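The sequence shown begins at -13 in the numbering used here and counts up one residue at a time.
We put the CB at the ideal spot given by N, CA and C, even for glycine.
Note that this is a predicted model, so its numbers are computed, not measured.
Please read the structure below before turning to the comments.
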Amino acid sequence: MATHVDARGLSCPQPVILTRTALQQAGGGQVVVTVDTMTQVHNCTRAATKLGWQATYEQKGDVFEMTLRKGPA
């Protein structure tokens, strides 16, 4: 089961902090993060890749949904 992080409406660096915490707690698998801006997508993606996670994102209306994965495919 995926972990979900809703970081909408939060100012930097809160989305990155929440994302890093969720990734560290999960250790692997899938984490889904919802944010408001493309800048937050870039910052959270950078944090995730530094921890060894793969990141993809999709724009859904006014928000961006990032899917972060780590572990066997």
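Measure how close the beta-carbons of residue i and residue j come, nearest whole angstrom, since I'm counting them as under 8 Å.
{"i": "Asp22", "j": "Gly47", "result": "At roughly 11 Å, the Cβ-Cβ gap does not stay under 8 Å, so Asp22 and Gly47 are not in contact."}
{"i": "His(-10)", "j": "Val18", "result": "5 Å"}
{"i": "Thr35", "j": "Thr42", "result": "Their Cβ separation, rounded to whole angstroms, is 12 Å, which puts Thr35 and Thr42 out of contact at 8 Å."}
Residues in its own chain within less than 6 Å of residue i by CB, not counting five upstream and five downstream?
{"i": "Arg6", "result": "Ala33"}
{"i": "Leu4", "result": "Val(-9) and Ala(-7)"}
With which residues is residue i paired in a DSSP beta bridge?
{"i": "Met(-13)", "result": "Answer by DSSP bridge pairing: none, since Met(-13) is not bridged."}
{"i": "Val21", "result": "Phe50"}
Would a C-beta distance cut-off of 8 Å place residue i and residue j closer than the cut-off?
{"i": "Ala(-12)", "j": "Gln16", "result": "yes"}
{"i": "Thr25", "j": "Glu51", "result": "no"}
{"i": "Val49", "j": "Cys30", "result": "no"}
In chain order, what residues of the same chain lie with their CB nearer than 7 Å to the CB of residue i, ignoring the 5 residues before and after it?
{"i": "Ala12", "result": "Thr(-11)"}
I need the boundaries of the alpha helix (DSSP H) containing residue i, first residue and last residue.
{"i": "Pro(-1)", "result": "Segment: none, Pro(-1) is in no alpha helix (DSSP H) and carries neither H nor E."}
At least one CB of chain B closer than 8 Å to the CB of residue i: is that the case?
{"i": "Thr(-11)", "result": "Absence of chain B from the displayed structure is noted, only one protein chain being present."}
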